[in-house]
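Numbering (my numbering) for the sequence shown: 7 to 230. See below for the structure under consideration.
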Amino acid sequence: MKILTGDVIRANLPAQWRLMNRIVRARFLTGDFATGIRFVDAVAEAAETADHHPDIDLRYLHVDLALVSHSAGGVTQRDLDMAETISGIAARLGVSAAPERLTEIEIALDSVRAESIAPFWAAVLDGDIGRVQGSAEFFSSYGGTVTENTGQVPPLWFQLTEQHETPRQRFHLDVWVPDDQAQARVERAVKAGGTVVDTSHAPSFTVLEDKQGNRACICTSGDS
Numbered sequence: 007m008k009i010l011t012g013d014v015i016r017a018n019l020p021a022q023w024r025l026m027n028r029i030v031r032a033r034f035l036t037g038d039f040a041t042g043i044r045f046v047d048a049v050a051e052a053a054e055t056a057d058h059h060p061d062i063d064l065r066y067l068h069v070d071l072a073l074v075s076h077s078a079g080g081v082t083q084r085d086l087d088m089a090e091t092i093s094g095i096a097a098r099l100g101v102s103a104a105p106e107r108l109t110e111i112e113i114a115l116d117s118v119r120a121e122s123i124a125p126f127w128a129a130v131l132d133g134d135i136g137r138v139q140g141s142a143e144f145f146s147s148y149g150g151t152v153t154e155n156t157g158q159v160p161p162l163w164f165q166l167t168e169q170h171e172t173p174r175q176r177f178h179l180d181v182w183v184p185d186d187q188a189q190a191r192v193e194r195a196v197k198a199g200g201t202v203v204d205t206s207h208a209p210s211f212t213v214l215e216d217k218q219g220n221r222a223c224i225c226t227s228g229d230s
């Protein structure tokens, strides 16, 4: 199926869902474990019927869900349809959503030639190179991603950079948040002692720095 653009996704996503790092995500506040089980059971039945299955993380008080069409390499109409179905299930069960609580951590590694080290990190993490997005051409132009296979480790993103001598900070955190939560997250970090270093790529990402010079990026899908 056709991969949808960010604008199309945001225009058609149910209100409970957000586009984050090329995946649509939602957090539903079930309030107790028994309600969470009923919710997950209903979602699983709908997913089987549609033959399209979300990633589900069941916790005591909430359920996190993620949708992406792995075979297509991005978000498609099937994901939007399943998101709509899941939102309907939540409404029937009286389960509310909390999109403001969504966060995803991505580890970023500055690299001059990502393709030369990606196989090593794929082996270390027992993962795949560019499972959702990435190819030889993509790596050489933009970087790429290693995603491990168990869902226990954040993805590793290779951030292309200019040639430089070590030592220099190589790893940093990309903190993905919903588009409408980014500014509040930046302001909270500044109030906690951080400094805004670069906003030239906002809303895609804003670079922050702590008092010792360590950096992190608050990232959104706002321009994709």
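Using N, Cα and C, we set each Cβ at its ideal position, and we do this for glycine too.
Query, Result
"Looking at the structure shown, is Asp204 part of a helix, part of a strand, or coil, going by DSSP?", "strand"
"Got a sec? Which residues, its chain only, sit under 7 angstroms from Ile111 by beta carbon, not counting five neighbours each side?", "Pro160, Leu179, Val181"
"To the nearest angstrom, how far is the alpha carbon of His207 from that of Gly37?", "38 angstroms"
"Which residue's Cα is closest to the Cα of Gln169: Ala195, Thr212, Ser117?", "Ser117"
"Does the Cβ-Cβ distance between Val30 and Trp23 come in under 8 angstroms?", "yes"
"Quick one: give me the first and last residue of the beta strand (DSSP E) that Thr212 is part of.", "211-215"
"Could you round the C-beta distance between Val101 and Leu19 to whole angstroms and report it? I think they count as a contact, below 8 angstroms.", "Contact doesn't hold; Cβ gap of about 17 angstroms is too wide."
"Closest to Leu166 by CA distance: which of Ile95, Ile123, Ala89, Asp85 is it?", "Ile123"
"Which residues mark the beginning and the end of the beta strand (DSSP E) in which Ile9 is found?", "It is not in any beta strand (DSSP E) - Ile9 carries neither H nor E in the DSSP assignment."
"Could you tell me which whole beta strand (DSSP E) segments of length 3 or greater appear in the stretch 100-137?", "110-117, 133-135"
"Tell me, please, which residues DSSP counts as bridged to Phe164.", "Leu115, Gly150"
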